[in-house]
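Quick note, the sequences are listed as chains A and B, same order. For what it's worth, this note's numbering labels the leading residue of the first sequence as 1, then goes sequentially. For what it's worth, this note's numbering labels the leading residue of the second sequence as 422, then goes sequentially. Even glycine gets a Cβ: it sits at the ideal position worked out from N, Cα and C. Please read all numbers here as calculations on a predicted model, not as lab measurements. Read through the structure below, which is laid out as C-alpha cells, and then see the notes.
Number of protein chains: 2
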Amino acid sequence: MSRVTAELLTIGDEILYGQIVDTNSQWMSVALSEAGIQVIRKTTVGDVESEILKALAEAESRVDIVLITGGLGPTSDDLTKPCLVKHFNCELKINDEALAEVTAFFKSRGRELTEINRQQAALPTCCEKITNKIGTAPGMWFERNETVMVSMPGVPHEMKLMMKDLIVPKLKLRFITPTIHHQVIRTVGIGESFLADKISSWENSLPPHIKLAYLPSLGDVKLRLTAIGESREELIREVDSLVDRLIPLAGEYIFGYGEDPLEMVIGNLLREQKLTLSIAESCTGGYVSHLITSIPGSSEYFLGSLIPYAYEIKMRQLGVKPETLEQYGAVSEPTIIEMANLVRAKFSTDIGVATSGIAGPGGATPEKPVGTVWIAYSDKHHTVTKKLQLSTDRSINIRLATTAVLNLIRLSLPKEVLTHS
Amino acid sequence: MSRVTAELLTIGDEILYGQIVDTNSQWMSVALSEAGIQVIRKTTVGDVESEILKALAEAESRVDIVLITGGLGPTSDDLTKPCLVKHFNCELKINDEALAEVTAFFKSRGRELTEINRQQAALPTCCEKITNKIGTAPGMWFERNETVMVSMPGVPHEMKLMMKDLIVPKLKLRFITPTIHHQVIRTVGIGESFLADKISSWENSLPPHIKLAYLPSLGDVKLRLTAIGESREELIREVDSLVDRLIPLAGEYIFGYGEDPLEMVIGNLLREQKLTLSIAESCTGGYVSHLITSIPGSSEYFLGSLIPYAYEIKMRQLGVKPETLEQYGAVSEPTIIEMANLVRAKFSTDIGVATSGIAGPGGATPEKPVGTVWIAYSDKHHTVTKKLQLSTDRSINIRLATTAVLNLIRLSLPKEVLTHS
Chain A
1 MSRVTAELLT IGDEILYGQI VDTNSQWMSV ALSEAGIQVI RKTTVGDVES EILKALAEAE
61 SRVDIVLITG GLGPTSDDLT KPCLVKHFNC ELKINDEALA EVTAFFKSRG RELTEINRQQ
121 AALPTCCEKI TNKIGTAPGM WFERNETVMV SMPGVPHEMK LMMKDLIVPK LKLRFITPTI
181 HHQVIRTVGI GESFLADKIS SWENSLPPHI KLAYLPSLGD VKLRLTAIGE SREELIREVD
241 SLVDRLIPLA GEYIFGYGED PLEMVIGNLL REQKLTLSIA ESCTGGYVSH LITSIPGSSE
301 YFLGSLIPYA YEIKMRQLGV KPETLEQYGA VSEPTIIEMA NLVRAKFSTD IGVATSGIAG
361 PGGATPEKPV GTVWIAYSDK HHTVTKKLQL STDRSINIRL ATTAVLNLIR LSLPKEVLTH
421 S
Chain B
422 MSRVTAELLT IGDEILYGQI VDTNSQWMSV ALSEAGIQVI RKTTVGDVES EILKALAEAE
482 SRVDIVLITG GLGPTSDDLT KPCLVKHFNC ELKINDEALA EVTAFFKSRG RELTEINRQQ
542 AALPTCCEKI TNKIGTAPGM WFERNETVMV SMPGVPHEMK LMMKDLIVPK LKLRFITPTI
602 HHQVIRTVGI GESFLADKIS SWENSLPPHI KLAYLPSLGD VKLRLTAIGE SREELIREVD
662 SLVDRLIPLA GEYIFGYGED PLEMVIGNLL REQKLTLSIA ESCTGGYVSH LITSIPGSSE
722 YFLGSLIPYA YEIKMRQLGV KPETLEQYGA VSEPTIIEMA NLVRAKFSTD IGVATSGIAG
782 PGGATPEKPV GTVWIAYSDK HHTVTKKLQL STDRSINIRL ATTAVLNLIR LSLPKEVLTH
842 S
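Printed below as a string of C-alpha cells:
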C-alpha cells in the first residue's frame, strides 16, 4: 500500500506576525495521522494574493491532499476564496444550498442576513460545498489531477467539527489508507530517560509496524504506540499484548491510558471508593485545588482547601503548633505531617494532603534552597511524606510539586488494579 | 526603504505528527517583527533529507533571511547539519572553539564529554559559529547571494537566548530595517467588539504608519500599536500621545501596559499601598489564589485562602450563617457578602474577596443556570458585589470568574492613577 501524503496550508497575517499560536495545525496533524494520512509539510502564508497563489500551486504539485484553513471571513482581507477561484480557473457564484444554510444560521440566532454575510454563500463553481453546522463560512472540496484540496474556516471549533464529521470520513473513502491504531499510556513520577532505560528491552522488541513515541511534559511522560496494518482487530490485539508486557517493567508509573489527566484518574478513584479529600496547600498556592476542581463533578469527593500562605495563618487557621514551626520551620517533615493531619481533621475528610516549600525566587536558606518542597498524604491508616528537590523556577516548581502531590494521592490510596481499555 | 523578508523553517517529525505545538515560531515572529523584519512564510518539514534540501533551496530563493530551528540534536534522526553541508556544498569539521565550549559545558555540570556530544562541535566549514550559552548545539550563520541563513537548536530557551543576544542584533547590523515601536495596552472587563465601538473615532484617526491590532483572550483584550518610521524618539512621542487620547475613551478598562498580567498589576497596587489580601473562593476552586501566588513576592501581600467547596465547609470553616445559606442559597448576594467579610476577619487582612457560583455542568436550578456567579470585594470602607452570567463551559467559567474577581479588586481598591511607561 503506498502512503497518502498531505500538506497543511494556513493562511493569515495574524499567524505570521505571531499574534496567535497556530494550534489548528497540530490538531489536524493528529487527526490525519490517526486516519493513516501522513502530513509531510506545513506552510503558512499571509493575506497576500501572490503568496497564496504560489503556495496553492506548490502544495498541489507536492501531495495527495492539501488542507487549507483561514482567510474565509467576510471582510476584504480574507482572500482564500478569490485565490481558489483563480487557482482553479472557475467562477464565484451564490450557492443556493449554502445560502439556505447561512440564512437559517442567522435566523436561529434572531439576526438578519446582511449583504456581507450573504456573500459567504458565494462559492467557486468548481467545488463541492462542505456544510458548516456551527458557523457561516462553508468548507470547499476541490479535486484535480488526483489531488484533493479542501478549504476550511480557521475558527478552531468550526474546523474541528467539519474535519471530524465530514472531511476525514470523505478522505478515507477517496483514498486507500492503512489502518492505524493508537494507544497512549500515561506515566508519572519518572523522567523520560529513566523510563527509556527501564523499558529498553521492551522497546527494542517492538515489531517494525508498531512505533513508540515519548511525549514528555512537565512532570509526566506519555508513551504513544502507533500500529499500522490492515486489520483493526489484529492491531488492537497486538497493542494490548504489548501493554501487558510493559506493565511488569513500568507498572508503578502508569496512571492511566488515553487522554484523561492525572486529576481525573484520582477523581475517579476517590469516587469509586467513596472517599473525600481536603487539601492544605502552601507553596502550591491553590494549583492543586484548581486541578482537582477543574474536573466536572469534583464536588462529590473534594470538600475544600485551606491555603495557609503566611506563617501566622498556618498557626491560627490551620492550627500548626508554634513550637513545630519554630523548631523545624514551615518547610519540614514535622510541619507537613501536622498540616495534612490537621486539614483532614478540620474538614472531616477521609484524606488530607499538604504542600509546603520554597517556590522561589525568594525565601531560600542555605539548608533549604529554592525548590525544596515537602508533601504529605494522610488517611486514617497512615501518613506518607515525601521531600522534593525541584528547580530554581517558581512556575515549574508549582507545577512539579502539584503533579507530585497528585501522584502521592494515587500511590497512597487503597490499591486498585488499573486496567487498560 | 525596501522591506526585509524572512522565512521560518522548522524541522522535525514531532511537529508534523502533532506531538508538540510549535510555539517557537510564534515567538520568533514577534521578535523579528519588533526588529522591523517581515516574516512572509513559515514552513515545517520532517526529518527527511530530500524534504529538508528542497525546503532550504526554496526558502533561500524566496527571502532575505531564513531562520531554521530543530534537527540539531546528537542522534541519527537529526539531519539539519548534514543537509546544510550538502546545501552549501562544504565540509563538516570539528570547530575548535565549539569543542572548547561544549567541553566546558559538560565540565560545569560534572559530566564527561562522550563521542556523540563531541560531534556537536562539528560544524560546516562555510558557516560562522553562534555560541549556545546554555546548551550543547551551537548555532550556525551562513551567507550566500545576499541571503542569510541561520540554524538554531529547537529547544525553546536555547533558541530564545541565542536570538535575543546574538542573532537579532547581528541581523540588524547586516540589514537596513525600519525602526519599529510597539506599545501594548492591556484592557479587561469589556469585549472586543464593544471596545472597538468605544474607540472607533480614535482608531479611524490613526496615521497610516501606525497600525492597531486587537488581541483578545479569555476575559481581556490587548491593543497593540505598531509604529513604523525612522526616528525611535519620534515614534515613541507619537504613540504616547495616541495613548493619552485613548484614555478618556477607554481608561476605566485599561489595567496596564506591556506584558504584565492583571495579577501582577494588582500585586503591585497592593504592595505599594501596603495592603494585605485573603480569598474565600468556592466556584473558582483555587484558580484566583493560583494566579495571585504565581507572582514572585506575592507572600508580601497575600496571606492565604479558604476554599469552602462543600456547603458544610462554608458554614463550619468559614462561618457563613446557616440561615443565610438556607434562605438565599450558596450562590447569592447575602452569602457572597458574608464570605468576603468573614475571610477578611478570620485572616485579619485589609481586603477579603470571595467567589461562589455554578461552574457547571451540574448544580444548576431554573433560577440559577450554569454560569451564574457572585463575586465580592470587602475592605474596612466598603463591600462591593457583582453578579456574573457566564457560559455553559466549566473551564471558561472558572477563568472568566477569576478575571472578574481580579478586576473587581483593581476597581475597588483606593484609586491610583495608572501611568503608561
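Note to self: As an exercise, report each continuous beta strand (DSSP E) stretch of at least 3 residues that is fully enclosed by the region 155–201 of chain A, in chain order.
What the structure shows: 179–188
Notebook entry, point to check: Can you find a heavy atom of the ligand ATP that lies under 7 Å from the Cβ of A/GLY329?
Noted result: With respect to the ligand ATP, the structure shown offers nothing to examine, as it has no ligands at all.
Notebook entry, point to check: If the cut is a Cβ gap below 7 Å, which residues of chain B does A/GLY46 touch?
Noted result: ILE461
Next item on the list: Could you name the residues of chain A that B/GLN447 contacts, counting a contact when the two beta carbons are closer than 7 Å?
Entry: GLY18, VAL21
Note to self: I need the straight-line Cα distance from A/PRO261 to A/VAL184, nearest angstrom please.
What the structure shows: 12 Å
Item checked: CA-to-CA distance, A/ILE116 to A/ARG109, given in whole angstroms -> 17 Å
Notebook entry, point to check: According to the Cβ coordinates, are B/VAL589 and B/ALA427 closer than 8 Å?
Noted result: no
Checklist line | B/GLU736: first and last residue of the uninterrupted beta strand (DSSP E) it sits in | finding: At residue 736 of chain B the sequence reads Met, which differs from the Glu that was named. Note, B/MET736: premise wrong, no beta strand (DSSP E); not H, not E.
Next item on the list: Would you tell me roughly how many angstroms separate the C-alpha atoms of B/THR546 and B/ALA519, rounded to the nearest one?
Entry: 12 Å
Notebook entry, point to check: Listed from N- to C-terminal order along the chain, which residues in the region 225–248 of chain A have their beta-carbon within a distance smaller than 7 Å of any beta-carbon of chain B?
Noted result: none
Check: Should A/LEU249 and A/ILE199 be called a contact, given that it needs their Cβ atoms to be closer than 8 Å?
Finding: yes
Item checked: Buried versus exposed, by CB contacts within 10 Å (16 or more), A/TYR17 -> buried
Note to self: Please report whether the beta-carbon of A/GLU51 lies at a distance below 8 Å from any beta-carbon of chain B.
What the structure shows: yes
Check: Along the chain, which unbroken stretches of the alpha helix (DSSP H) at least 4 residues long are found entirely within the region 666–739 of chain B?
Finding: 683–693, 708–714
Check: Given A/ASN95, which residues of its chain have a CB within under 6 Å of its CB, disregarding the five upstream and five downstream residues?
Finding: ALA121, LEU123, LYS129
Next item on the list: Find the residues of chain B that neighbour A/TYR257, judging by a C-beta separation of less than 9 Å, and give them in chain order.
Entry: Within chain B, no residue comes near A/TYR257; the closest Cβ sits about 17 Å away, beyond 9 Å.
Check: Relative to the C-alpha of A/GLU14, which residue among A/ASP47, A/GLU34, A/ALA35, A/LEU8 is closest?
Finding: A/ASP47
Item checked: With 16 other Cβ atoms within 10 Å as the buried cut-off, status of A/PHE347 -> buried
Checklist line | Residue from A/ILE307, A/ILE292, A/ASP393, A/HIS382 whose Cα sits closest to the Cα of B/ILE819 | finding: A/ILE292
Margin query: Suppose the cutoff is 6 Å on Cβ atoms and the five residues either side in sequence are ignored; what does the same chain contact list for A/MET149 look like?
Written below: VAL66, PHE142
Note to self: Looking only at its chain, what residues have a beta carbon closer than 6 Å to the beta carbon of A/ILE176, apart from the 5 residues adjacent to it on each side?
What the structure shows: none
Checklist line | Partner residues on chain A for B/LYS767, Cβ-Cβ distance less than 7 Å | finding: GLN317
Checklist line | CB contact check: A/ILE307 to chain B, cutoff 8 Å | finding: yes
Notebook entry, point to check: What in chain B is Cβ-close to A/HIS290, meaning under 7 Å?
Noted result: GLY706, GLY707, TYR708, HIS711
Checklist line | 7 Å Cβ shell around B/THR813 - same chain, five flanking residues per side excluded | finding: GLY781, VAL791, GLY792
Next item on the list: Helix, strand or coil for B/SER626, going by three-state DSSP, please let me know.
Entry: coil
Item checked: Residue interval of the alpha helix (DSSP H) (run including B/PRO394) -> The requested residue 394 of chain B is not part of the displayed model; chain B covers only 422 to 842.
Checklist line | Interface partners of B/ALA634 on chain A, CB under 7 Å | finding: GLN19
Next item on the list: Report the option in A/GLU323, A/SER205, A/PHE194 whose CA atom is closest to the CA atom of A/TYR214.
Entry: A/PHE194
Next item on the list: Identify every residue that forms a DSSP beta bridge with B/LYS742.
Entry: In the DSSP output, where bridge partners are listed per residue, B/LYS742 has none listed.
Check: Should A/ARG474 be flagged as near chain B, meaning a C-beta pair shorter than 8 Å?
Finding: Nothing about residue 474 of chain A can be read from this structure; chain A reaches only from 1 to 421.
Item checked: For A/GLY286 and B/GLY778, believed in contact at Cβ under 8 Å, the rounded distance -> B/GLY778 to A/GLY286, Cβ: 17 Å. No contact.
Note to self: Pairs of beta-carbons, one from the region 756–765 of chain B and one from the region 306–318 of chain A, closer than 8 Å: are there three or more?
What the structure shows: no
Next item on the list: Could you say if the region 797–812 of chain B and the region 684–691 of chain B meet the contact criterion of at least three C-beta pairs nearer than 8 Å?
Entry: no
Next item on the list: Report the partner residues of A/GLU82 according to the DSSP bridge assignment.
Entry: The amino acid occupying residue 82 of chain A in the given sequence is Pro; Glu does not appear at that position. BP columns for A/PRO82 are empty, so no partner.
Notebook entry, point to check: Helix, strand or coil for B/TYR438 per DSSP?
Noted result: coil
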